[in-house]
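Counted the way the numbering used here counts, the sequence shown spans residues 502 to 878. Even for Gly, the Cβ is constructed at its ideal location relative to N, Cα and C. Below is one structure; the comments refer to it alone.
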Amino acid sequence: MAGIVFGGLFWARQKAEKPVPAKPIPIPEEKFPTPAPEEISIPPLPGIGEEKPPPPPVSMNRVKKEGCVADGLLSQYNPDSDQFIGLINRSNCYYFHRAIETWRQPPRFEVINNVMNRITREDVVYGMFIAEALDTNDNYQNASSGHYFRFRKMCHRDTLNHWGEHTCVPTFSSAEYRDYLKYITRRAIDTGIQSFTFGQIYMQESSNRKYAPQIVKKIRAYAKKKGVDVVIGAQTGSITDPKYLKIFDYIEGGVGIDENGNVENGPCLSKKGSCWALLWHKNFSANAKNVLLHLDWTGIKSDDLDIFARMSPQKRAETLQKLHRKFTSQNMGFLMPYFGVLDKDNGGCYGPKKRYYSPDNAYGCRDEDAINRILAK
């Protein structure tokens, strides 16, 4: 979505100790040689060649009706990971959106496998979020070839420090970035991941948008070879080109609620200066295969999730029911909130810490039962 960071801005704020420069610094590629093995702090990832049996095919109908935003579930983003796993095991969710979170952090497959083994739910679908933010200081090895990825070679020109110190926006035009995507998506498919979402894809694309079709085609080809059914989506913002949108199995974005839980009817959210696209509008939905919607978050008080957390318990339950009914009745999906970030001074209910939302009955919001009732129907 145009102007949306979908949670990533929060992580950038937490990690960045210095203000973001007003003007990004050009990236002199020659200054960043491939690091030697002794400089690498992350050990080679285990389990190469240890593939799981193919999971059942993805039901897009169930994704739309029984989907949940479980941001970083498999990446252990939640500060109370054990409690989060327990919440998920009690849930009626079928699809766990953004279960692998790669915002400024490559996927750690040893951690992902460990968490997956602790989830007792069966017949579920896990998603990987392919973030529009890299940490240029990351050291990450292709455990098959031994190659250490050079993250600064993956950056769009003049985007150094875009999301905070030592960050950048990646570009599909970088062969190094495409190789990185090939590696992490293949490892994810071997692990049993079946949904892949590209964050703010218009930032990662080149001006002629020629790379997404190639990248998506290769992901599908590898999945087919392995007998794994996958779905691929993107945050496409205000893009309306049907040929481009239909590259993906779904497009994804926030709903843009007000204090009463209502949404607007126009193509763009009126309170935003640029077009923060409302994807259920025919300008977008008519040109896409499927639309998935959720409560957007970036960790500021005007976001969907912050507005939602300030509602009364009854109003929150009514809002979720209303949004779920509204969009599923139009053959779109509404994903229930299971983890997201809040402004730490939001003033509403919260989860394990003031800056996190959770519906868990162990914390202050206690929306767990209401969400399970909606999903059960």
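Which value, in whole angstroms, describes the spacing of the CA atoms of residue i and residue j?
i, j, result
"residue 734", "residue 698", "5 Å"
"residue 690", "residue 713", "18 Å"
"residue 879", "residue 575", "Here the chain covers residues 502 to 878 and nothing more, so residue 879 does not appear."
"residue 678", "residue 625", "29 Å"
"residue 664", "residue 578", "18 Å"
"residue 519", "residue 614", "Confidence at residue 519 is low in this model, with a pLDDT of 36, below 50, so the placement of that residue should be treated as unreliable; the coordinate-derived value is given next. When rounded, the distance between both Cα atoms is 34 Å."
"residue 563", "residue 736", "20 Å"
"residue 704", "residue 675", "13 Å"
"residue 639", "residue 607", "8 Å"
"residue 569", "residue 588", "12 Å"
"residue 635", "residue 807", "26 Å"
"residue 583", "residue 742", "43 Å"
"residue 529", "residue 870", "In this prediction, residue 529 has a pLDDT of 37, which is less than 50 and means its spatial position is unreliable; what the coordinates show is noted afterwards. When rounded, the distance between both Cα atoms is 53 Å."
"residue 778", "residue 800", "19 Å"
"residue 776", "residue 859", "29 Å"
"residue 641", "residue 804", "33 Å"
"residue 621", "residue 833", "28 Å"
"residue 845", "residue 769", "28 Å"
"residue 862", "residue 851", "11 Å"
"residue 616", "residue 694", "13 Å"
"residue 814", "residue 868", "7 Å"
"residue 612", "residue 764", "38 Å"
"residue 656", "residue 682", "13 Å"
If I'm right that residue i touches residue j with Cβ under 8 Å, what's the distance once you round it to whole angstroms?
i, j, result
"residue 706", "residue 652", "With 8 Å as the limit, residue 706 and residue 652 do not qualify as a contact, their Cβ atoms being about 19 Å apart."
"residue 842", "residue 781", "Their Cβ separation, rounded to whole angstroms, is 24 Å, which puts residue 842 and residue 781 out of contact at 8 Å."
"residue 872", "residue 821", "6 Å"
"residue 627", "residue 696", "7 Å"
"residue 600", "residue 571", "5 Å"
"residue 721", "residue 731", "7 Å"
Using only alpha-carbon positions, find the residue among the options that is nearest to residue i.
i, options, result
"residue 866", "816, 732, 792, 826", "816"
"residue 710", "746, 878, 688", "746"
"residue 581", "853, 561, 784, 805", "853"
"residue 740", "637, 764, 787", "787"
"residue 701", "756, 818, 643, 670", "670"
"residue 825", "553, 567, 560", "567"
"residue 610", "586, 685, 623", "685"
"residue 592", "839, 644, 856", "839"
"residue 818", "683, 762, 724", "762"
"residue 767", "753, 751, 752, 784", "784"
"residue 823", "813, 861, 875", "875"
"residue 644", "750, 662, 680, 617", "680"
"residue 812", "658, 760, 683, 748", "760"
"residue 738", "753, 855, 862", "753"
"residue 662", "683, 682, 637", "637"
"residue 573", "864, 857, 830", "857"
"residue 565", "657, 656, 831", "831"
"residue 561", "751, 864, 619", "751"
Is residue j closer than 8 Å to residue i when the C-beta atoms are compared?
i, j, result
"residue 605", "residue 668", "yes"
"residue 758", "residue 828", "no"
"residue 727", "residue 555", "yes"
"residue 879", "residue 602", "For residue 879 there is no data in the structure shown, the boundaries of the chain being 502 and 878."
"residue 847", "residue 773", "no"
"residue 688", "residue 723", "no"
"residue 692", "residue 553", "yes"
"residue 849", "residue 796", "no"
Is residue i near the ligand ADP, with its Cβ less than 7 Å from a heavy atom?
i, result
"residue 811", "Of the ligands one can find in the structure shown there are none, so the ligand ADP has no counterpart to examine."
Touch test, the region 642–650 against the region 716–730, Cβ-Cβ under 8 Å, three pairs minimum:
no
Flag this pair as touching only if the region 585–601 and the region 774–792 have three or more C-beta atom pairs under 8 Å; answer yes or no.
no
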